[in-house]
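Enquirer: Note that our numbering has the sequence shown beginning at 1483, numbered continuously upward.
Heads up, the beta-carbon is just placed ideally off N, CA and C, and yes, glycines get one too.
Here the structure is a predicted model, which means the values were calculated and not measured.
Below are the structure tokens for one structure; questions will follow.
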Amino acid sequence: MSGAPAGHEPARARDPRNIVLRDRANQLEAAFLSQMLATAGVGKVSESMGGGAGEEQFSSFLREAYAEKTVAAGGIGLAETIFQSLAKGQTDD
């Protein structure tokens, strides 16, 4: 949380370029989390009574949804770090 009252974000936060950068940073964090969830075995097809290739495909959608919801709830801070780096790169030009 920024501490600013709702609807009173700094002008920089409303800059269309920063909105795009933040969206891309969130997408990257979600992709990272999805891969981490896959590595952790979330949505892994069970050996017995598994649903085959269809279940395997849809489990990736489940992981992506979990990752997107995690980012929407505040994530793990990776998106903010990426955003700050990208925004700094814009001002360094």
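1. Among residues of its own chain, excluding the 5 on either side of R1504, which ones have a beta-carbon nearer than 6 Å to its beta-carbon?
2. Run through DSSP, which three-state label would S1528 get?
3. Spatial neighbours of L1510 within its chain, please: CB distance less than 8 Å, with the 5 preceding and 5 following residues excluded, ordered by chain position.
4. For R1545, does the count of other Cβ atoms within 10 angstroms reach 16, so buried, or fall short, so exposed?
5. Just how far apart, CA to CA, sit E1529 and A1549?
Expert: Put simply:
1. F1565
2. coil
3. L1560, A1561 and I1564
4. buried
5. 24 Å
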